[in-house]
Each structure stands twice: as structure tokens, then as C-alpha cells.
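Going left to right, the sequence shown walks through residues 1 to 126 as the UniProt record's numbering numbers them. Step one of this worksheet: look at the structure below.
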Amino acid sequence: ELKKDKEVVLIAITQNGSALQHASPELKKDKEVVLKAITQYDLALAHASHELKKDKEFVLKAVKKNALALKYASPELKKDKEFFLIAVGQDGYALQYASDELKNDKQVVLKAINQNGSALQYASPG
Numbered sequence: 001e002l003k004k005d006k007e008v009v010l011i012a013i014t015q016n017g018s019a020l021q022h023a024s025p026e027l028k029k030d031k032e033v034v035l036k037a038i039t040q041y042d043l044a045l046a047h048a049s050h051e052l053k054k055d056k057e058f059v060l061k062a063v064k065k066n067a068l069a070l071k072y073a074s075p076e077l078k079k080d081k082e083f084f085l086i087a088v089g090q091d092g093y094a095l096q097y098a099s100d101e102l103k104n105d106k107q108v109v110l111k112a113i114n115q116n117g118s119a120l121q122y123a124s125p126g
């Protein structure tokens with residue numbers, strides 16, 4: 001089946017990253033395929049395997065390509081301070097996807113606004 005053919009899927013997602021949703025489950029676990037899709041379509045992580053959504057190293061690579069990918073990271077990662085310190089250092093806007101606790105963490109918020117002052121809008125109001 002062509003949805004399992006890595007070459008075919010890579011061509012499709014190069015044209016339109018949302019095509020990842022139609023790829024086989026095996027290819028939704030493939031880091032190369034998912035990163036390529038994220039480059040084209042910020043919501044592509046939504047269609048990735050659960051394993052990739054909780055893989056810190058992989059999600060950080062995704063954030064480098066598009067901070068909006070964090071929206072679909074695992075709930076565990078959204079609570080991980082060490083992870084978010086790195087993520088907001090790459091893109092301050094990543095703060096919008098942090099847990100409420102991290103949005104209220106001075107160290108995390110400072111790192112985010114040092115990267116992008118506009119990230120302050122995502123800090124906890126309290």
C-alpha cells in the first residue's frame with residue numbers, strides 16, 4: 001500500500017504536511033517523516049505517534065521547526081520544567097503550551113521573555 005511507502009509519503013508531506021494524517025501508523029512513528037511534515041504544517045505533531053509526542057529530544061526538534069507543534073506534545077512534557085526551559089529558550093512563544101504551574105514559574109517566564117518579549121502575554125496573570 002502506498003500509504004506505507006516512505007518515499008511516497010515524504011513527497012506528499014513536502015507538498016502538504018497535513019498529508020501525514022493519511023500515512024501508515026509505522027510512518028507516523030518515523031522521526032524523519034514527522035519532522036518533515038512539521039516543517040510544512042505546524043499541526044502535524046497531532047498526527048504523530050504517542051511515542052513521538054512524549055519524546056523530549058524529538059519534540060524539541062519539532063519546536064525548532066515550529067513552536068506551535070508543542071500544542072500536541074504529551075501532557076507530561078507540558079509539565080516538565082527542564083524541557084520547557086529549553087523550549088522557551090528556542091522560541092518564547094512556546095510558553096503558551098506550558099502547564100499553568102510553569103506559566104507561573106519565574107525562571108521559565110524570564111527565559112521565555114528574554115527570547116521574545118511578546119511571550120509575556122502567556123505568563124500566568126497571578
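C-beta atoms are modelled at their ideal positions from N, C-alpha and C, and glycine is treated no differently. Since the structure is predicted, the reported quantities are computational estimates derived from the model, not experimental observations.
Nearest CA to the CA of residue i: which residue from the options?
i	options	result
residue 50	26, 39 and 37	26
residue 93	82, 67 and 60	67
residue 88	46, 42 and 116	116
Near residue i, which residues of its chain fall below 7 Å by C-beta distance, leaving aside the five closest residues on each side in sequence?
i	result
residue 71	97
residue 81	102, 105 and 108
Would you kindly report the start and end of the unbroken alpha helix (DSSP H) that includes residue i?
i	result
residue 21	No alpha helix (DSSP H) contains residue 21, which DSSP labels as neither H nor E.
residue 114	106-115
residue 71	Neither: residue 71 is in no alpha helix (DSSP H) and is coded neither H nor E.
residue 57	56-65
residue 96	Unbroken run through residue 96: none, as it is neither H nor E.
By DSSP, does residue i sit in helix, in strand, or in coil?
i	result
residue 128	The requested residue 128 does not occur in the structure, where the chain is confined to residues 1 to 126.
residue 48	coil
residue 118	helix
Give the straight-line distance between the Cα atoms of residue i and residue j, rounded to the nearest whole angstrom.
i	j	result
residue 21	residue 10	12 Å
residue 69	residue 77	12 Å
residue 120	residue 38	25 Å
residue 101	residue 112	15 Å
residue 74	residue 3	25 Å
residue 79	residue 16	31 Å
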